[in-house]
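Enquirer: Quick mapping for you: the protein sequence lines, in order, are chains A and B. If you count the first sequence from 1, position 175 lands on 175 in my numbering, and the numbers rise without skipping. Here my numbering runs 1000 ahead of the position in the second sequence, where the first position is 1. For each residue, glycine too, the CB sits at the ideal point set by N, CA and C.
2 protein chains.
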Amino acid sequence: MDIRAVIMAGGVGTRFWPLSRKQKPKQFLPIISDRTMIEETAHRLLPLISPSQIYTIANRSQTKTITKLLPQIPDENLLVEPKGKNTAPSLMLATAVIYLQNPEAVVIALPADHLIKDAARFLKKLEAAGQAALEGTPIVTFGIPPSSPSTGYGYIQFSPQDSTELSGETFFSVEKFKEKPGLEQAKEFLDAGNYFWNSGMFLWQAKTFPIKLEQYAPELFPFWKKIVKALEAKQESLLISVFDDIPSVSIDYALMERVQPVWMCRGDFGWSDVGAWSSLSDLWAKDDRGNALRGDGMLLDSTNCLVHNPGKITALVGVEDLIIVDTEDALLVCRKDCDQKVKQIVKHLDKRGKKEYL
Amino acid sequence: MDIRAVIMAGGVGTRFWPLSRKQKPKQFLPIISDRTMIEETAHRLLPLISPSQIYTIANRSQTKTITKLLPQIPDENLLVEPKGKNTAPSLMLATAVIYLQNPEAVVIALPADHLIKDAARFLKKLEAAGQAALEGTPIVTFGIPPSSPSTGYGYIQFSPQDSTELSGETFFSVEKFKEKPGLEQAKEFLDAGNYFWNSGMFLWQAKTFPIKLEQYAPELFPFWKKIVKALEAKQESLLISVFDDIPSVSIDYALMERVQPVWMCRGDFGWSDVGAWSSLSDLWAKDDRGNALRGDGMLLDSTNCLVHNPGKITALVGVEDLIIVDTEDALLVCRKDCDQKVKQIVKHLDKRGKKEYL
Chain A
1 MDIRAVIMAG GVGTRFWPLS RKQKPKQFLP IISDRTMIEE TAHRLLPLIS PSQIYTIANR
61 SQTKTITKLL PQIPDENLLV EPKGKNTAPS LMLATAVIYL QNPEAVVIAL PADHLIKDAA
121 RFLKKLEAAG QAALEGTPIV TFGIPPSSPS TGYGYIQFSP QDSTELSGET FFSVEKFKEK
181 PGLEQAKEFL DAGNYFWNSG MFLWQAKTFP IKLEQYAPEL FPFWKKIVKA LEAKQESLLI
241 SVFDDIPSVS IDYALMERVQ PVWMCRGDFG WSDVGAWSSL SDLWAKDDRG NALRGDGMLL
301 DSTNCLVHNP GKITALVGVE DLIIVDTEDA LLVCRKDCDQ KVKQIVKHLD KRGKKEYL
Chain B
1001 MDIRAVIMAG GVGTRFWPLS RKQKPKQFLP IISDRTMIEE TAHRLLPLIS PSQIYTIANR
1061 SQTKTITKLL PQIPDENLLV EPKGKNTAPS LMLATAVIYL QNPEAVVIAL PADHLIKDAA
1121 RFLKKLEAAG QAALEGTPIV TFGIPPSSPS TGYGYIQFSP QDSTELSGET FFSVEKFKEK
1181 PGLEQAKEFL DAGNYFWNSG MFLWQAKTFP IKLEQYAPEL FPFWKKIVKA LEAKQESLLI
1241 SVFDDIPSVS IDYALMERVQ PVWMCRGDFG WSDVGAWSSL SDLWAKDDRG NALRGDGMLL
1301 DSTNCLVHNP GKITALVGVE DLIIVDTEDA LLVCRKDCDQ KVKQIVKHLD KRGKKEYL
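1. Can you tell me whether DSSP reads A/Q205 as helix, strand or coil?
2. Assuming the contact rule is C-beta atoms closer than 8 Å, A/I345 and A/V333 should be a hit. Round their C-beta distance to whole Å, please.
3. Taking contact to mean 3 or more Cβ pairs, one atom from each stretch, closer than 8 Å, check whether the segment 21 to 30 of chain A and the segment 72 to 89 of chain A are in contact.
4. I need the DSSP call for A/N309, collapsed to helix, strand or coil.
5. Taking only beta-carbon atoms, is A/V274 less than 8 Å away from chain B?
6. Spell out the partners DSSP gives B/I1324 in its beta bridges.
7. Check whether the segment 1294 to 1312 of chain B and the segment 286 to 293 of chain A are in contact - that is, three or more C-beta pairs closer than 8 Å.
8. What do you reckon, are the CB atoms on B/L1114 and B/V1274 nearer than 8 Å?
9. Return the first residue and the last residue of the beta strand (DSSP E) that B/M1007 is part of.
10. Does DSSP put A/Q23 in a helix, in a strand, or in coil?
11. Provide the residue(s) that pair with A/E165 in DSSP beta bridges, ordered along the chain.
12. When DSSP labels each residue in this structure, what does B/N1291 get in the three-state scheme?
13. Could you check where the alpha helix (DSSP H) with A/T87 kicks off and where it finishes?
14. Please classify A/P218 as buried or exposed, where buried requires at least 16 other C-beta atoms within 10 Å of its C-beta.
15. Among the candidates A/W17, A/L19, A/R35, A/L48, whose CA atom is the shortest distance from the CA of A/A5?
16. At a Cβ threshold of 8 Å, is A/L332 touching chain B?
17. On the DSSP bridge list, what partners appear for B/P1111?
18. Are any of the Cβ atoms in chain B nearer than 8 Å to that of A/A315?
19. Is B/A1285 buried or exposed, if buried means 16 or more other CB atoms sit within 10 Å of its CB?
20. For B/S1033 and B/L1283, I'd like the C-alpha separation in whole angstroms.
21. Please identify the residue among A/D245, A/Y216, A/P210 whose C-alpha is closest to the C-alpha of A/V228.
22. Determine whether the beta carbon atoms of A/R44 and A/I144 lie at a separation below 8 Å.
23. Over what stretch of residues does the alpha helix (DSSP H) that includes B/I1345 continue unbroken?
24. My guess is that B/F1177 and B/P1160 are in contact by the Cβ rule of under 8 Å, so how many angstroms apart are they, rounded?
25. Just to confirm the assignment, what range does the alpha helix (DSSP H) spanning A/I66 have?
26. Can you name, in chain order, every residue of its own chain whose Cβ lies under 8 Å from the Cβ of A/D350, other than the five neighbours on each side?
27. Can you pull the DSSP bridge partners for B/A1119?
28. Which runs of the alpha helix (DSSP H) at least 4 residues long sit entirely within the segment 1232 to 1282 of chain B? Give them in chain order.
29. For A/E40, which residues of its own chain have a beta-carbon under 8 Å away from its beta-carbon, when the five flanking residues on both sides are left out?
30. Let me know the secondary structure DSSP gives B/D1296 once reduced to three states.
31. Would you grab the beta carbon distance between B/L1069 and B/I1108 for me? Rounded to a whole angstrom, and I think it's under 8 Å.
32. B/T1141 by DSSP, collapsed to three states: which one?
33. If we define contact as Cβ-Cβ less than 8 Å, is A/V342 a contact residue for chain B?
34. At 7 Å on the CB atoms, spell out the chain B contacts of A/D288, in chain order.
35. I need the straight-line Cα distance from B/L1331 to B/Q1062, nearest angstrom please.
36. Are at least three pairs of beta-carbons, each pair with one atom in the segment 1182 to 1198 of chain B and one in the segment 1088 to 1099 of chain B, less than 8 Å apart?
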C-alpha cells in the first residue's frame, strides 16, 4: 500500500496567545513536549510512512518554518497554498500532487497541531484505515469517543449496526456529520452513544477523491481539473489564478457533510486537539497540588495553576485555577474555565490596532 | 527654629518583591508616583526645610543611590552607617552629627518610604511639633488615627485629657507604646479610641536626645559618647568599631517604649506606610471595575486587580482581586489579601539559594 500523509499546517490559531502569534501559530510551538506540534505530528508517522511520503501544506512563510523543523521531508513535498482558502482547496491541491505521482496512493489528511498519545495504536488503525480506503473506496475518518458533551467539536453520527471488519478494525458507516452543537444537543449526542467527535482526520484514495468531488461537490470539481492542469504544466501563475477564484470552504462543509459512503474508525488512541491552554493541564507534569509549571516556580498556598514562563521565576501566592503565560512583550492571566475567551483578547488587540502583539 | 530632617533610608523591605530587591528596596522605587519614595519624602520637606538641613542615613551602597536621586542635598549630609544595626544606632549617629553642628537644633526622624498625601498639612504640624520639642523638651511623635484594627502597626496609647495646645495643634501625653497587637487586642484599641498607629516619625532637640538616652537607655549612652568622640576626631575607624559593638535595636524598643514625656500629635495628613502591594490599590488610578494598571492592558471580565507591568501588555480574563507584578526575571501573581506573604516568598528564595532573585 502506498500511503501518503498530508499535514495541514496552515492554521493561524489564536487560543494560545500570547505564546502563539500570527507568525508562530500553535503547530510551531513546543507546547506538549520539547518538540513543536508539527514535529510531533510528523515523527509520529515515521514507523509507517517514510519522510518522502509525507507532505505539508501551508502558506509560504509557514513553509519556511517547516523547512527548518522537518528537514527530512523533501522540499518538493512542502506544498505552498498560493492563498489561504480553508481546508478544501488546500487538500485538493495536495491530493492532486499525489494523484499525479500515483493515483493508486492513499492520502491521509492530518491537522498539524493535534496530539495522539498512543502513536503505535494510531498507526495500526491508520494502516487498517488505508486498507479500507482502498477496498471499499469510501472516505475513511477517525471518530473520537467523546469524553464530555463538548460544544467545541463537530460530531459524527454513525450506524453501530452497519459496520465492516477489516485488518482487525471495525469501520462504521457514517450517517451524518454534525456541526458543533449546543450543550443540550451535545448531551443528547452523548446519551445516544452513536455520535463521536470529528477528529478532522480523513483518508481517501487519490483517484477516488476527484470522483467524489465531481459527484458531491460539483462546484469544486472544475477547480480540481484546473489544479491538475496547472500542476502538469508546472505553471505557478496558473495555480495562483485558480486559488484567486476558488471558494474558501472547509473540507467538512464542501465534502464530508455530503459524500457517501464514509466509514468511521474508532479513534481511541489518546487524541486531543489541544484546543486551548487548559487542555495542557492534563499533559504537563503536575505537583501534588495540581500545579503545572514551565519555568522556575515558588508556590505558596496555590492550586491547579498552569504556568508557562520558561527562563523566569514565577511566584504564586494564594491563587487557584489560573492560566499564566508570560512572554517577552505580553502577559496573560486567565481563569482556567475562561480560556476559550483568549481568542477574544486577540480580536480586541486587532481591533484596537495593537498589531505588535498579534 | 533650626529644624533638621533625618531620612532613614537603610530599609531592605521585601514586601514589594519582585520589584524590590536587595539592591533596590522600596524607598528607591517609583511606586506611588513617577518619583522614588525617598525623592517624594525629601521634596515634601522643602517648603519648610532647606536641602542643607536634610540628612539621610543608610549603608554605603544605598547612599550611592541617594547621591544620584537627591543631588541637592550636600554630600556631607548623606550619612553612612558603618554597619546595619537597626534604627537606634543610626539615629544616634545622625543626631550626634547634628548635635555637633548645633545642639539647639530640632531633629525629625522620618522613614524614607512612607506616603503623606497632604504635604502642606504635614509641614504645618511638623513646624508645631518642632516648637513643642523645643518648649517642653519632650520627644514628639505623630500618631495616625487608625482606620482599621490593623495588626501590622504598633500603637500609641495616649491620654485624651492630658494635652498641651501649641501653635494651634494639640499634643497628647503618651502613656505607652504598644507592639503590634493581635486582632482581638487591635479591636479593643480601636474601641477604646485613645490608641493611634505608631508612624515611626519622631522629633527631639539634639541636646535633649543624649539626656534621654542616659536616663532611659543607659546601655546605649556609652555608645553615644563614643560616637560623638569619633565624629569630633573625624576618625572613621573609631566609628566603625563603635558600630561593631553597639547592639542592634530599634529606636522604638530602645527609647520610645521607656522615655518620658512623649507628646503625640494627630497625624491626620493622609499618611500610609505603603506596606505592601495591595496598599497601592488606593493610590493608583483605577478603571470602573477597580483595576489599577501600570503598563498596557487588555481586560476581559476582570475586577479589582493591581498590575505592575510597564513596557508590556497584560491581558486579564475572568480574574479578580489579584496582584500581578512582572519584572525582567520574575513574575508574581498573588491574591490581594495574601500580599503580606510576599516576604515569605523572598525568605524561601533565600533559603533555596536563589540569590539571583533577591
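Expert: On the basis of the coordinates in this document:
1. strand
2. So it is not a contact: roughly 11 Å between Cβ atoms.
3. Counting Cβ pairs under 8 Å, fewer than three are found: no touch.
4. strand
5. no
6. B/V1307, B/V1333
7. No: fewer than three Cβ pairs fall under 8 Å.
8. Per the sequence shown, residue 1114 of chain B should be read as His rather than Leu. Contact: yes.
9. The sequence given here places Ile at residue 1007 of chain B; Met does not occur at that position. For B/I1007, the enclosing beta strand (DSSP E) starts and ends at 1003 to 1008.
10. Look at A/Q23 here: in three-state DSSP terms it is coil, with no helix or strand label.
11. A/T170
12. B/N1291 falls in the coil class under three-state DSSP.
13. Note, A/T87: alpha helix (DSSP H), 87 to 101.
14. exposed
15. A/L48
16. yes
17. B/M1008
18. At a cut-off of 8 Å between beta carbons, A/A315 contacts chain B.
19. exposed
20. 9 Å
21. Here the closest residue by C-alpha is A/P210.
22. no
23. That run of the alpha helix (DSSP H) goes 1342 to 1351.
24. Contact flag wrong, Cβ pair sits at about 17 Å.
25. 60 to 69
26. Around A/D350: L358.
27. DSSP output for B/A1119 lists no bridge partner at all.
28. 1236 to 1245
29. When the five nearest sequence neighbours on each side are left out, the beta carbons in the same chain lying within less than 8 Å of the beta carbon of A/E40 are those of I32, S33, L115, in order along the chain.
30. strand
31. A Cβ-Cβ separation of about 20 Å leaves B/L1069 out of contact with B/I1108 under the 8 Å criterion.
32. Secondary structure of B/T1141 (DSSP, three-state): strand.
33. yes
34. Chain-ordered listing is empty here: chain B has no CB closer than 7 Å to the CB of A/D288, the nearest sitting near 17 Å.
35. 25 Å
36. no
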